[in-house]
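Q:
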Amino acid sequence: MYAIIGASGNTGSVVAGKLLAHGEKVRVIGRDAKRLERLVQAGAEAFVGNVTDAAALTQAFSGARAVYLMIPPNPAIPNVREDQERVSDALVAAVQSAGVEYAVVLSSIGADKPDKTGPVVGLHNLEQKLNGVARLKAVYLRAGYFMENLLPQVMIIKSFGVTGGPLRSDLKVAMIATQDIGVAAAEALLKLEISGKQARELLGQRDLTYVEVASVIGKAIGKPGLGYMHLGPAQIKPALVQVGMSSNMADLILEMSESLNSGYMAPLEPRSAQNTTPTSIETFVTEQIVPKFTGKAAGA
Ligand SMILES: NC(=O)c1ccc[n+]([C@@H]2O[C@H](COP(=O)([O-])OP(=O)(O)OC[C@H]3O[C@@H](n4cnc5c(N)ncnc54)[C@H](OP(=O)(O)O)[C@@H]3O)[C@@H](O)[C@H]2O)c1
């Protein structure tokens, strides 16, 4: 049996769906039974619980040979790093007390660094804490920058006629669709060819600058020549707070952006067939950005 944290989310829903399609027994974990219902219909067992509750997670993991772990984003909380530590403590305690043998863990590029990477410090610490669980075999999927981070650009384009953000306009970023992470995680869970503790990078289909992304979006929405504006912290922070992030989360995003801009936070592996995944920016834009821009669901 497999237990999946974040099963109603971007990556977890793909992981759970793939395992179920393969005929595996799956326990899906989340805070809201309704959001897990689609997976229950597909054959999963739902477990409603909070990732800060080690006792509940121990129950959720009991009988599971392998688990999919993540620290769910909590962007509105006043102290993000404290929350991440609470969650990673609970996850690790539950892995230990339930005697889980294998974990596939959602991490990030930059998780090799102990500091200055904003929210990714929480993932570094999660990896370190899991390293302390002697009998656990774990793979840390260090994913690149989610293409889903581009979705708020729709609102920016509608308001200002341009894309914008804190990353340098000439910075090549390994951008990945969360679908590809879910597929890679499901494959790792099905094979369970994990020995000891390993980190594995997932870098998406190709590296892209925001200028290149703007060009792809522009072509797809009928605004050829759509540009990108590199914005400073004084412009970005109020915008992040306005869309619901705590001041602390906004500061951490800016810290991470600075580390990406300086190259401190970057993939460690050269691009290869193993760390490259299929979904291109063109596909992501067609399937996710265009429907959001036009207000029409994909395929409608
Ligand atoms: N954005 C990036 O560029 C990037 C890059 C690399 C790594 N990451 C990492 O990716 C992770 C996010 O992955 P994702 O996009 O798949 O997540 P997601 O779509 O935001 O899903 C989070 C899931 O966790 C559940 N959840 C939220 N709070 C919970 C709680 N307190 N207790 C139990 N369940 C809870 C949610 O379901 P309910 O709301 O129904 O409970 C949801 O299913 C983060 O750790 C982030 O640091 C992000």
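For the sequence shown, the working numbering begins at 33 and goes up steadily by one.
The beta-carbon is built from N, C-alpha and C at its ideal position, and this holds for glycine as well.
Because the structure is a prediction, the values reported are computed rather than measured.
Taking 7 Å as the threshold (C-beta atoms), are Ala252 and Val322 in contact?
A: Yes; because the gap between Cβ atoms is below 7 Å, this pair is in contact.
Q: Out of Asp115, Ser94, Ala231 and Gly295, state which residue places its alpha-carbon closest to the alpha-carbon of Asn163.
A: Ala231
Q: I'd like to check one pair, Ala217 with Val136: are the Cβ atoms closer than 7 Å?
A: Closer than 7 Å, so yes.
Q: For Leu89 and Asn157, I'd like the C-alpha separation in whole angstroms.
A: Distance between the alpha carbons of Leu89 and Asn157: 19 Å.
Q: Could you tell me how far apart the beta carbons of Val83 and Gly214 are, in whole angstroms, since I believe they sit closer than 8 Å?
A: About 18 Å separates the two Cβ atoms, so there is no contact after all.
Q: Would Pro265 and Leu286 qualify as a contact pair, given that the criterion is a beta-carbon distance under 7 Å?
A: yes
Q: Compare the beta carbon distance of Phe93 and Ala130 with 7 Å and say whether it is the shorter of the two.
A: The answer is yes: Cβ separation under 7 Å.
Q: Is the distance from the Cβ of Thr309 to the Cβ of Leu234 below 7 Å?
A: yes
Q: May I ask you to list the residues that DSSP assigns as paired with Ser139?
A: Arg174
Q: For ligand 1, is there a heavy atom less than 6 Å away from the beta-carbon of Leu282?
A: The amino acid occupying residue 282 in the given sequence is Ala; Leu does not appear at that position. Because no heavy atom of ligand 1 lies under 6 Å away, the Cβ of Ala282 does not count as near it: no.
Q: In whole angstroms, what separates the C-alpha of Gly193 from that of Pro270?
A: So the two alpha carbons sit approximately 19 Å from each other.
Q: Use the C-beta contact count for Gln237: other C-beta atoms within 10 angstroms, 16 or more gives buried, fewer gives exposed.
A: buried
Q: Name the one or two DSSP bridge partners that Thr195 has.
A: Tyr260
Q: In whole angstroms, what separates the C-alpha of Gly176 from that of Val80?
A: Going by the C-alpha atoms only, they are around 29 Å apart.
Q: If we ignore side chains and look at the alpha-carbon of each, how far apart do Ile109 and Ser279 end up?
A: 9 Å
Q: With DSSP run on the structure shown, which of helix, strand or coil describes Leu51?
A: helix
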